[in-house]
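Okay, so here's the structure we're looking at.
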Amino acid sequence: MTSSHRVPPLSPQSRPYDLIICDIDGCLSPEGTAPIHLDHLAKISAYNHEAVATANAPPITLCSGRPQPFGEAMCKILGIAQVPCVFENGAWLYRLDTNQYELDPSITDQHLADVQALSRWVSTEFGTPPGTAAERQRTVGVTQQPGKIASVSLYHPDTEYLRSLMPALAEQCRRAGWPIRVSMTWLYINLDLAHISKGTGLDRLLREAKIPKDRIAGIGDTMSDLPIRERSAYFACPANAHEDIKRLADYVSPLPEAAGVVDILTRLNTRVA
Numbered sequence: 027m028t029s030s031h032r033v034p035p036l037s038p039q040s041r042p043y044d045l046i047i048c049d050i051d052g053c054l055s056p057e058g059t060a061p062i063h064l065d066h067l068a069k070i071s072a073y074n075h076e077a078v079a080t081a082n083a084p085p086i087t088l089c090s091g092r093p094q095p096f097g098e099a100m101c102k103i104l105g106i107a108q109v110p111c112v113f114e115n116g117a118w119l120y121r122l123d124t125n126q127y128e129l130d131p132s133i134t135d136q137h138l139a140d141v142q143a144l145s146r147w148v149s150t151e152f153g154t155p156p157g158t159a160a161e162r163q164r165t166v167g168v169t170q171q172p173g174k175i176a177s178v179s180l181y182h183p184d185t186e187y188l189r190s191l192m193p194a195l196a197e198q199c200r201r202a203g204w205p206i207r208v209s210m211t212w213l214y215i216n217l218d219l220a221h222i223s224k225g226t227g228l229d230r231l232l233r234e235a236k237i238p239k240d241r242i243a244g245i246g247d248t249m250s251d252l253p254i255r256e257r258s259a260y261f262a263c264p265a266n267a268h269e270d271i272k273r274l275a276d277y278v279s280p281l282p283e284a285a286g287v288v289d290i291l292t293r294l295n296t297r298v299a
């Protein structure tokens, strides 16, 4: 990575940390179908633009299971261009300043073929069956989140039904020899390559950015954000976070989602208008 991608380390007297790593769903945007709170995002964006312009506060980067196109839009909203972001649970590093998309080099063509085979199997076994529009409306199957290349994320309006599919998914991956990790978020099942995670993505980012753990702060809301916690000297959660990750946090905001992130940035002795 060239020096233009690095965050120049400053002394602790200049700013409390050199980088803030933030999840998206449950932190910057709601987990479900509720609208994004644009007023809070505007404050976070203004904070980040000032942090980049003045170097008096740590800039923000993203680490999310979301596909790259969604993450790219969030980067543009928040002005995240100087530091790579991690998307698709570690599969991708994305750099807005150069518009570079970098798939983890350990992901092979066979891995991608296995993911596609898994996607087809899920569609056949659990997808909405063919038929008339009325018939399809009566029988809602599992849908797959668009935009992912090296993983599959499954959704169903009945979250408990979706959760009940996890054993069958794990067994099929074992039987077919697909190297897939099966996990559940608040609303989705994530089917990721077993050797890829938010942690591997963050390790790639931090090796290139050359920022040590003691200069990093993190924000997350579920145990899937544990890799952020493990790589941060300071970790905080919004009020809506899962209890398991709250127990590992240095601070839990009394406010949810993006309002909580604004509060966390303020608590980090940064300026949010």
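Read in order, the letters of the sequence shown correspond to residues 27 to 299 in the working numbering.
Cβ coordinates follow ideal geometry from the N, Cα and C atoms, glycine included.
Quick one: grab the DSSP three-state call for residue i.
i, result
"E57", "coil"
"T300", "Outside the displayed span of the chain (27 to 299) sits residue 300, for which this structure offers no information."
"I254", "helix"
"I50", "coil"
"L119", "strand"
"A262", "strand"
"T185", "helix"
"T248", "coil"
"P280", "coil"
"L232", "helix"
"A107", "coil"
"W147", "helix"
"A139", "helix"
"I271", "helix"
From residue i to residue j, what does the alpha carbon distance come to, in whole angstroms?
i, j, result
"Q163", "T169", "Note that Q163 scores a pLDDT of 48, beneath 50, so its modelled location is shaky; the value from the coordinates is reported in the next line. Looking at the two C-alpha atoms, the distance is approximately 13 Å."
"A299", "G58", "Any reading at A299 must be qualified, since the residue scores a pLDDT of 49, below 50, and its modelled position is unreliable; no value is offered."
"Q142", "P253", "26 Å"
"M192", "S209", "8 Å"
"D240", "K224", "19 Å"
"A139", "A285", "41 Å"
"V287", "H63", "12 Å"
"N295", "G167", "47 Å"
"D270", "C263", "11 Å"
"A194", "T211", "17 Å"
"R257", "C199", "30 Å"
"E283", "A265", "7 Å"
"D49", "P205", "25 Å"
"R293", "L129", "35 Å"
"A259", "C111", "19 Å"
"N216", "P131", "21 Å"
"A99", "L122", "10 Å"
"R233", "V109", "12 Å"
"R189", "F261", "28 Å"
"P183", "N125", "35 Å"
"R207", "D44", "32 Å"
"F152", "K272", "34 Å"
"T150", "A196", "16 Å"
Name the one or two DSSP bridge partners that residue i has.
i, result
"Q170", "L180"
"D218", "S177, R207"
"T226", "Per DSSP, none; premise fails for T226."
"Y127", "Y120"
"T45", "A small fix is needed here, since residue 45 is Leu in this sequence, not Thr. Partner(s): I242."
"I86", "I46"
Got a sec? Which residues, its chain only, sit under 6 Å from residue i by beta carbon, not counting five neighbours each side?
i, result
"H137", "L219"
"G116", "I222, S223, K224, T226, G227"
"S55", "I62"
"A202", "none"
"Q171", "S179"
"I46", "P84, I86, A243"
In chain order, what residues of the same chain have a beta carbon less than 8 Å from the beta carbon of residue i, not counting five sequence neighbours either side?
i, result
"A267", "G52, G246, D247, T248, A275, V278"
"V101", "It should be noted that the sequence gives Cys, not Val, for residue 101. So the qualifying residues of the chain are L88, A107, C111, Y120, L122."
"T158", "A caution first: T158 carries a pLDDT of 47, below 50, which makes its placement in the model unreliable, though a value can still be read off. No residues qualify anywhere along the chain."
Excluding the 5 residues flanking residue i on each side, which residues of the same chain have their C-beta closer than 7 Å to its C-beta?
i, result
"G105", "S71, N74, H75, V78"
"L213", "E57, G58, Y181, T185"
"D289", "S279, L281"
"F113", "S90, R92, P93, Q94, G97, Y120"
"W147", "Q198"
Closest Cβ-Cβ distance between residue i and chain C: below 7 Å?
i, result
"T124", "Note that chain C does not occur in the displayed structure, where there is just one protein chain."
Within the continuous alpha helix (DSSP H) that includes residue i, where are the two ends?
i, result
"L195", "192–202"
"A243", "Counting along the chain, A243 falls outside any alpha helix (DSSP H), though it belongs to the beta strand (DSSP E) covering 242–245."
"V287", "283–293"
"V112", "It is not in any alpha helix (DSSP H) - V112 instead sits in the beta strand (DSSP E) that spans 111–113."
"I70", "64–80"
"L104", "94–104"
"I133", "That residue, I133, is in no alpha helix (DSSP H); it is neither H nor E in DSSP."
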